[in-house]
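To start, the structure under review is shown below, and the notes come after it.
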Amino acid sequence: MDVRVLFAFFFIANAFEKTVAVSAKVERFFEGKRHTNNWAVLVCSSRYWFNYRHVANVLSIYRSVKRLGIPDNRIILMLADDMPCNSRNPKPGTVFNNAHHHINVYGDDVEVDYRGYEVTVQNFIRLLTGRVNEGTPRSKQLLTDEGSNILIYLTGHGGEGFLKFQDSEEITSVELSDAFEQMYQKRRYNEILLITETCQAESMASKLYSPNILGIGSSKIGEDSLSHHGDPTIGVYVIDRYTYYALEFLEKVSINSSKSLSDFFSICPKRVCISTVTVRKDLFKRDPKNVPLTDFFGNVPEVKLLDLSSAHKVSIRNETDDRRDSERSFTLYSHNVIKHKWKKIDPFPVLTY
Amino acid sequence: MIPKKWTLFANHQNKAGLLSSLFYIVVILLLGIPIWYKTTTPLRHSLPDISSLLVHSQMISNQIEITVVSIGDQQRDQLRNELVDNWKGNFQGNVAFRYAWKVRQLVKEEKQIFVASQSLYQIDRMLDELESHRIKGHLFIYLIPENTITELVSKSVLYGSSRFAYISVKNDELKSEKSNEKPLSEIIVETVETMLEPKRSSKSELLRSEASKAVDTLTFLLNNEIDILINLVMEDVEEAIEFQDSKRFKELKNITRIAFLKQSGIFELIDAKITTQMVYYALPPSFIDSHLANSEKNNRLFKTSSVPQLLNAIESRIVEHDNKQSYLLTVYIPSQSSNSPLFFFEESTGTKSNAIVTPYRGGILVWNDADDFNVGFKSFMRNLIGLNPYENDDYLVKNNFFTKWELDAVIRKVTLLQLAKTLSSLESIEKLLGKVSNIVILEEIATKMHYAVKLSHESMDHLAIANLEGAFNLSCKAYKASETAFFDPSLLALLYFPDDQKYAVYFPLFLPVSLPLIASIHHIIRSMNK
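Chains C and B, in that order, give the protein sequences. Take 787 as the starting number for the first sequence in this note's numbering and just add one per residue. Take 376 as the starting number for the second sequence in this note's numbering and just add one per residue.
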């Protein structure tokens, strides 16, 4: 063999080996950590009064994650319709999880981030991938990082491989899994728990291919996901079966609870749910038995005491000595900083005719 | 000459039908198929060569210019040889440093300072005035004969407030004064290593210390801008009304506005903005009392396990600007008149402190004594940029927020992290295009990516020639370009249909058109064969 060819071959092999080693190193750098913060994306994709139960579903989960410590600015709540203020609601400002009006899941303070016709497939995908339009407020953005555990809860009307949004469009399982892949590539999550409460919900998780995602569906492919019971005072069904039992279970969970994810899998056995709850575990690396439920449903911030006993005081230097310093500012942007971003507007202008 | 076969066409009975089918074929070939192809194939401009960046990033070496200045009559040549021969650099860990040693005597300006100054503090300050000593990332080690300067008697190494360190050495000897077994060159190298990567002190800097999470906090600094939001929560609403005129408010203003923003040098690293807001009625009346551990005499101890509730209660009441990230510092001021001081108490370890940090969010500081805010704010800010919350004993000056060499070390870390993140963003776009076939790359995005690659290369080159400032400026821009490229909304221009749906979209259009076409093609072929 020609010596040059041999040399080239050796060189390429060497370079390849190096590249592989490098990406392995990069992977380890990002994967070595456990989660540091929690987020929740809760979506009710259907509107109209007869879908009251979907709003009750999503608010049940909202109530639970908030109670378990995820702050409102890390919960993205998408509600396609406003049931509490619907004129057919006999008790305005409330959404109940059962006909006996035990729990008002609407609560006292609900922050809806996307509402009404803002709940679209496009907005949902943009939210997940972070590719939001310019000027989108922070409350409508999922500002997660490689340490974030995200709970994604979807409820609405679905079929095999899709979830309907607003009676006008649907998100397919392919779109959803591609969105997750984009999140994975940008390291926007540590782990995701995807819960779908729709008919044939299993299919929403079936196309996923990115790692560290656990998918729970309220029904198998070919099965309907059923509602729990109706409330004669409002004339429609109040809540779906799976979420009804999920809420019942979560109400007993406290921040310091030792309940694991695998406990959550069995909250709705077939005899009460009628549909079969499915779990897709193959993408998830940890054993659900060892994963505390609060890794997704709660937020237990790491709290560290800071010892200040031997810290020293800062002394403020005389300003005149430091004219040189005080005139300087962060140089990178200083050339294009807009000094007067807001124009002052006179509230009582003098009108000239 | 018309071929025989064509005359056949000319004589064809249904001339119009033939022409129309030819017309259809032409339209389909020249218009239909190109349009179909164009509209179903995502537009992709060519991407930059990311693998070259990957290879380059593996070879980043940080050149560090180190000037060793001997003041006494030490044998410089021997020291120089030893340093140059034995300490070429530090290649352990993730970052490679290459040391460029310069061993010399005092220059004229330095000599004047040393002669004129009374104390090491003064020397330290005056040396910093020299323009030649103000280069970012450039370190100076002064070898000072023992017993000439009072501050150095008890310690063999002292770190200055600027980019200087002082080592006390015995006259006529190449050995450090205190530790006889260690050669001077080794002590110099250790000093340099500390200045390059400020070590966390062995003392309990965080009372519940776990593995250091410097990288976590550094992600706050990647965007080069941060909003520090100080939420003042006063236990006594009556006092809150008078707070604006109080001494404490003045202190808060001075520390944050003047000492931190103007004098600490933080602007070299990040564009920080500080907003202070008073939060009224943030907590239910007996909230604090209901979460107390068994109190000490005169002190109230708040359980750290209840901190999440406290944080959530306060955070639900605050107003935030619409910004990318904010660091939330809650300052809780116990009632001056009626209540005793408040501390956070870790039940498992039995430790208490008036300050806590939570990664990614910020922290809470209880302002019990007058100096608490001063000390606390400094520690929080040091913690924010990944430094030890307070200075070690061997720092010469302790009343600054940070020393310049510490800030340089953070700038270097942020630069490297930005380069790593830029690379990973660009790589992830490349990987995604392979996996998700319908992503569109507009020219604008491709340009941004090319720009990010170019700037990253340049930034690494600057690191290699010891230009930290240039490298940092470029890495900031590269990071920004790569982030905006990745998060550009146009990458979602097409929704991600499965491929077969592409045909489904056009099929209904083509089917009625294609039926007569197929019939005429069949007819043409038959006529030709006749």
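Backbone N, C-alpha and C define an ideal beta-carbon position, used for all residues, glycine too. Keep in mind it's a predicted model, so treat the numbers as computed, not measured.
Residue-level contact to chain B via CB, R1027 of chain C, 8 Å cutoff: As a working note, residue 1027 of chain C is residue 241 in the first sequence. With 8 Å as the cut-off, R1027 of chain C does not count as an interface residue toward chain B.
field: H888 of chain C burial status per 10 Å Cβ neighbour count (16 or more: buried)
entry: Within the first sequence, the letter at position 102 stands for residue 888 of chain C. Result: exposed.
message: At the level of alpha carbons, what is the spacing between L1079 of chain C and S421 of chain B?
response: Within the first sequence, residue 1079 of chain C is the residue found at index 293, counting from 1. Within the second sequence, residue 421 of chain B is the residue found at index 46, counting from 1. For L1079 of chain C and S421 of chain B, the distance between alpha carbons rounds to 45 Å.
- request: Measuring only between beta-carbons, confirm whether E1160 of chain C sits less than 8 Å from chain B.
  value: The structure shown does not extend to residue 1160 of chain C, since chain C is modelled only from 787 through 1139, so no value can be given for it.
- prompt: Counting contacts by CB-CB distance shorter than 8 Å, is R1057 of chain C in contact with chain B?
  reply: On the first sequence, residue 1057 of chain C is found 271 positions in, with the first residue counted as 1. So, not an interface residue.
- request: Could you spell out the range, first to last residue, of the alpha helix (DSSP H) harbouring C830 of chain C?
  value: Locating residue 830 of chain C in the first sequence gives position 44, counting from the first residue. Not the alpha helix (DSSP H): C830 of chain C falls in the beta strand (DSSP E), residues N823 to C830.
- prompt: Do L533 of chain B and D747 of chain B have their C-beta atoms within less than 8 Å of each other?
  reply: By 1-based counting over the second sequence, the position of residue 533 of chain B is 158. By 1-based counting over the second sequence, the position of residue 747 of chain B is 372. No, the pair does not count as a contact, with Cβ atoms beyond the cut-off.
query: With 8 Å set as the bound, which would you pick, yes or no: does the beta-carbon of E818 of chain B sit closer than that to a beta-carbon of chain C?
result: Against the second sequence, residue 818 of chain B aligns to sequence position 443. E818 of chain B does not count as touching chain C.
message: Strictly under 8 Å for the Cβ-Cβ distance: is N1104 of chain C near chain B by that measure?
response: To locate residue 1104 of chain C, count along the first sequence from 1; it is residue 318. No, no contact with chain B.
- prompt: Residues bridged to Y541 of chain B by DSSP?
  reply: What you label residue 541 of chain B is simply residue 166 of the second sequence in a count that begins at 1. Its beta-bridge partners are B:Y517 and B:L533.
task: Give the range of the beta strand (DSSP E) segment to which G1003 of chain C is assigned.
output: Translated into positions along the first sequence, residue 1003 of chain C becomes position 217. Element bounds for G1003 of chain C: I999 to G1003.
task: Using three-state DSSP, classify N465 of chain B as helix, strand or coil.
output: Here residue 465 of chain B refers to the residue found at position 90 of the second sequence. Strand at N465 of chain B.
query: Does DSSP put F951 of chain C in a helix, a strand or coil?
result: In the first sequence, residue 951 of chain C corresponds to position 165, counting from 1. Reduced to three states, the DSSP call for F951 of chain C is strand.
Beta-carbon proximity check, D858 of chain C vs S691 of chain B, cutoff 8 Å: Here the question's residue 858 of chain C lines up with position 72 in the first sequence. Here the question's residue 691 of chain B lines up with position 316 in the second sequence. Yes, they are a contact pair.
message: In the DSSP assignment, the beta strand (DSSP E) including A471 of chain B goes from what residue to what residue?
response: Position 96 of the second sequence holds residue 471 of chain B. Element bounds for A471 of chain B: A471 to Q480.
- request: Starting from the beta carbon of T726 of chain B, find every residue of chain C whose beta carbon is closer than 7 Å, and list them in chain order.
  value: Translated into positions along the second sequence, residue 726 of chain B becomes position 351. Per Cβ cutoff of 7 Å: L1091.
- prompt: Shorter than 8 Å from the beta carbon of D894 of chain C to some beta carbon of chain B?
  reply: Locating residue 894 of chain C in the first sequence gives position 108, where the first residue counts as 1. It does not: the Cβ of D894 of chain C has no partner Cβ on chain B nearer than 8 Å.
Short CB-CB distance (under 8 Å) between D602 of chain B and chain C: Within the second sequence, numbered from 1, the residue matching residue 602 of chain B stands at position 227. Not closer than 8 Å to any Cβ of chain C, the Cβ of D602 of chain B fails to qualify, so no.
- prompt: Mind pulling the chain C residues with CB within less than 8 Å of S800 of chain B?
  reply: On the second sequence, residue 800 of chain B is found 425 positions in, with the first residue counted as 1. The CB of S800 of chain B comes closer than 8 Å to the CB of K972 in chain C, given here in chain order.
task: With DSSP as the reference, please indicate the residues paired to M609 of chain B in a beta bridge.
output: As a first step, residue 609 of chain B is located in the second sequence; it is residue number 234 there, counting from the start. Beta-bridge pairing links M609 of chain B to B:I708.
query: Mapping DSSP to helix, strand and coil, what is D768 of chain B?
result: The residue you call residue 768 of chain B lines up with position 393 of the second sequence. Coil, per DSSP.
message: Is it the case that the segment 704-722 of chain B contacts the segment 946-956 of chain C, given that we only count it when at least three CB pairs across the two stretches are under 8 Å?
response: no
field: Status (buried if at least 16 other CB within 10 Å, exposed otherwise) for P423 of chain B
entry: Within the second sequence, residue 423 of chain B is the residue found at index 48, counting from 1. P423 of chain B comes out buried.
task: Show which residues of chain B have a CB atom less than 9 Å away from the CB atom of P1087 of chain C.
output: For the purposes of this step, residue 1087 of chain C is taken as residue 301 along the first sequence, with counting starting at 1. Contact note: P1087 of chain C reaches chain B through V682, P683, L686, T733, P734, Y735 and R736, using a C-beta cutoff of 9 Å and chain order.
- prompt: Mapping DSSP to helix, strand and coil, what is L890 of chain B?
  reply: Within the second sequence, numbered from 1, the residue matching residue 890 of chain B stands at position 515. It is helical.
Limits of the beta strand (DSSP E) - the one that D1017 of chain C falls within: Here residue 1017 of chain C refers to the residue found at position 231 when the first sequence is read from its first residue. Element bounds for D1017 of chain C: S1013 to D1017.
- prompt: S1101 of chain C versus chain B: which residues are under 7 Å apart at the beta carbon?
  reply: Locating residue 1101 of chain C in the first sequence gives position 315, where the first residue counts as 1. Under the 7 Å cutoff, chain B gives N774.
message: Can you check whether the C-beta of N859 of chain C is within less than 8 Å of a C-beta belonging to chain B?
response: Here residue 859 of chain C refers to the residue found at position 73 of the first sequence. Yes, because at least one Cβ of chain B sits closer than 8 Å to the Cβ of N859 of chain C.
- prompt: Opposite N935 of chain C in the DSSP bridges: which residues?
  reply: Position 149 of the first sequence holds residue 935 of chain C. According to DSSP, N935 of chain C bridges with C:N824 and C:E977.
message: Can you pull the chain C neighbours of P864 of chain B, defined as C-beta to C-beta under 9 Å?
response: Mapped onto the second sequence, residue 864 of chain B falls at position 489. Neighbours of P864 of chain B on chain C, chain order: R912, R917, V918, N919 and E920.
- prompt: E1140 of chain C CB to nearest chain B CB: under 8 Å?
  reply: Examination of residue 1140 of chain C is not possible in this model, given that chain C is present from 787 through 1139 alone.
- request: List the residues of chain C that F719 of chain B touches, going by C-beta distances under 7 Å, in chain order.
  value: Reading the second sequence from its first residue, position 344 is the one you call residue 719 of chain B. Those are L1091, listed as they occur along chain C.
field: Cβ neighbour criterion (16 or more within 10 Å) applied to S536 of chain B
entry: For this step, residue 536 of chain B is matched to residue 161 along the second sequence. S536 of chain B should be labelled buried.
message: If contact is defined by three or more beta carbon pairs under 8 Å, each pair taking one atom from either stretch, is the segment 1060-1069 of chain C in contact with the segment 1006-1021 of chain C?
response: yes
query: Around the Cβ of R1057 of chain C, are there at least 16 other Cβ atoms within 10 angstroms (buried) or fewer (exposed)?
result: Position 271 of the first sequence, counted from the first residue, corresponds to residue 1057 of chain C. Exposed, by the Cβ-count rule.
- prompt: Do you know how far the Cα of T414 of chain B is from the Cα of S395 of chain B?
  reply: The count along the second sequence starts at 1 and reaches residue 395 of chain B at position 20. The count along the second sequence starts at 1 and reaches residue 414 of chain B at position 39. Near 26 Å, if we compare the C-alpha coordinates of T414 of chain B and S395 of chain B.
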